[in-house]
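According to my numbering, the stretch in the sequence shown is residues 66 to 475, in order. In this text, a Cβ means the ideal position worked out from N, Cα and C, and glycines have one as well. In this text the structure is predicted, and so the values were computed from the model without any measurement. Okay, structure first, notes after.
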Amino acid sequence: MELTNGKYTIQGIPVLDIVKEFEAPVYVYDFSKMEEQYKRLKNAFSGTKMRVLYACKALTNINVLRFFNHLGSGLDTVSIQEVMLGLKAGFAPENIVFTPNCVSFEEIKMAVEKGVRINIDNISILEQFGNEYGDSVPVCIRINPHILAGGNPKISTGHIDSKFGISIYQMRHVHRVVTSSGVRVEGVHMHTGSDILDMDVFLRGADILLQQAKDFEHLKTVDFGSGFKVPYKPGDGGTDIEALGKRLSGRMAEFNQETGKDVEIQFEPGKFLVSESGYFLVKTNVIKTTTATVFAGIDSGLNHLIRPMFYDAYHHIMNVSNPEGTERFYTVVGYVCETDTFAWDRKINEIREGDILAFLNAGAYAFSMASNYNSRFRPAEVGIINGEMHLLRKRETMDDLLRGQVEIKF
Ligand SMILES: *Cc1c(COP(=O)(O)O)cnc(C)c1O
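Next comes the structure, spelled out in structure tokens:
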């Protein structure tokens, strides 16, 4: 979003025109930003065999999946339904990785039938997998190196009591299962959770993973997961992808030389690829002044954007209708009958009833976590592609709220 001649625009389209066309609340995605992020990551590893798998749980609109397929990305999935969406979007099965946690063995078998690559994060499942398929279907195993690289404990997965991955302390057991069942391990994987701030910690985790990787004779890929941090506030820094590219590429060259292998590395970013491309546009219903604060009440709530209430996520908020208004303090709240606060005492250009506000970083874990709570419709999704607006998903209607419900006789 840019401010030119007193107007906010996305790829030259005035943001208020998007609202005029599709009404608020509406999710808007700038596809050029997705492409920029994808290319930035690819370029950071230009001398290394590296594959990007878009972690689609961040934003599953079929057009976003199709766009990443078109860019050459693979897909990281965590449910059989995401696998099916990926296939529907045109990804070749071998470019889809299924990384489930605590799903049934039946679901894993379904994914094998679809021909996608399987990532296993539990010794008991590894054993069942080996017994079922022997060495006929290769697997990757998800290892938990027990590092804490990020800031928010609610979205960290690498710590000692995390449910994700096979603990680094259980590797002897893993090798026993590999030997006895004959399962063919072609990859190792780690995903340490979101918001990596400390690159040294991340690289230490990568080193631990590589130590283990050496011991698998059929090794082809090492997957370093994701968790790249993106900027949220003006002036915020994100993970320094270019520096990471340099350091990890160097480390991989050493690894390949030491082991005589030629492994391909993988990343599976969600947030990094789509977070900043997204804007959530809402209308201000009311301004309510109390003795303590001034509330701006908007025509949306935690049903549409749950991140602030769910894990204290920060979303920057701009007043698109009044970019030059005097800055004042507001508590921005939703209309849901539940404490539903998007921002506390936030400095925003003066908000008047009817003003359109834009939430930034609304590409990842925003629409994909939206619900119908309070029997509200989920918003429309709009893509800005090559300077044009495209409707990607219609706003819901009463039919959507009632779909699947069976009215019985009383
Ligand atoms: C959620 C998830 C990701 C993506 O994480 P981001 O923080 O959005 O980049 C990657 N890999 C796995 C296995 C995940 O569960």
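Per the Cβ contact rule, the region 357-368 is in contact with the region 434-453 (3 or more Cβ pairs under 8 Å).
Remark: the shortest separation between the CB of Gly290 and any heavy atom of ligand 1 falls under 7 Å.
Residues of the same chain with a CB within less than 7 Å of the CB of Ser97, apart from the 5 flanking positions on each side, are Gln76 in chain order. The region 405-415 and the region 377-386 touch, with no fewer than 3 CB-CB distances between them shorter than 8 Å. Residue pairing for Lys348: DSSP places it in a beta bridge opposite Ile421. Per DSSP, the continuous alpha helix (DSSP H) segment holding Gly310 begins and ends at Ile306 to Thr324.
Distances between the C-beta of Val177 and the heavy atoms of ligand 1 are all 7 Å or more. With distances taken between CA atoms, Gly199 lies nearest to Ser246 out of Glu172, Phe170 and Ser246. Rounded to whole angstroms, the gap between the alpha carbons of Phe345 and Arg458 is 14 Å. The beta carbon of Leu338 is closer than 7 Å to those of Met99, Gln102, Tyr103 and Tyr119 in its chain, skipping five residues each way along the sequence. Taking the Cα positions, Gly302 is about 47 Å away from Asn196. Between Thr164 and Val143, the gap from beta carbon to beta carbon is short of 8 Å. For Val202, the CB contacts under 8 Å within the same chain, skipping 5 residues up- and downstream, are Val177, Ile183, Phe194 and Arg249 in chain order. CA-to-CA, the gap between Met175 and Leu150 works out to about 14 Å. Fewer than three Cβ pairs drawn from the region 311-331 and the region 352-360 lie within less than 8 Å of each other, which leaves the two stretches out of contact. Val162 is positioned such that its CB atom lies no closer than 8 Å to that of Ile185. The C-beta separation of Asn350 from Gly335 comes to about 31 Å, leaving the pair out of contact by the 8 Å criterion. If you check the CB distance, Val401 and Phe407 do not come in under 8 Å. Checking the DSSP bridge columns, you'll see Gly139 partnered with Leu118. Secondary structure in the region 254-292: the beta strand (DSSP E) runs of 3 residues or longer, each lying completely within the stretch, are 286-288 in chain order. Here the alpha carbon of Asp464 sits roughly 20 Å from the alpha carbon of Lys474. The nearest non-hydrogen atom of ligand 1 is less than 7 Å from the C-beta of Phe293. Between Ser138 and Val117, the C-beta spacing is below 8 Å. A buried status is given to Gln277, since no fewer than 16 other beta-carbon atoms sit within 10 Å of its beta-carbon. Tyr376 is classed as exposed because its beta carbon has fewer than 16 other beta carbons within 10 Å across all chains shown.
The Cβ-Cβ distance between Met66 and Val80 falls below 8 Å. An exposed status is given to Leu467, since fewer than 16 other beta-carbon atoms sit within 10 Å of its beta-carbon.
By the 16-neighbour rule on beta-carbons within 10 angstroms, Val91 is buried. Pairing Lys285 with Gln146, the inter-Cα distance amounts to about 27 Å. Under the three-state reduction of DSSP output, Pro444 falls in the coil class, being neither helix nor strand.
With contacts defined by Cβ atoms closer than 8 Å, Ile212 and Ile231 do not form a contacting pair.
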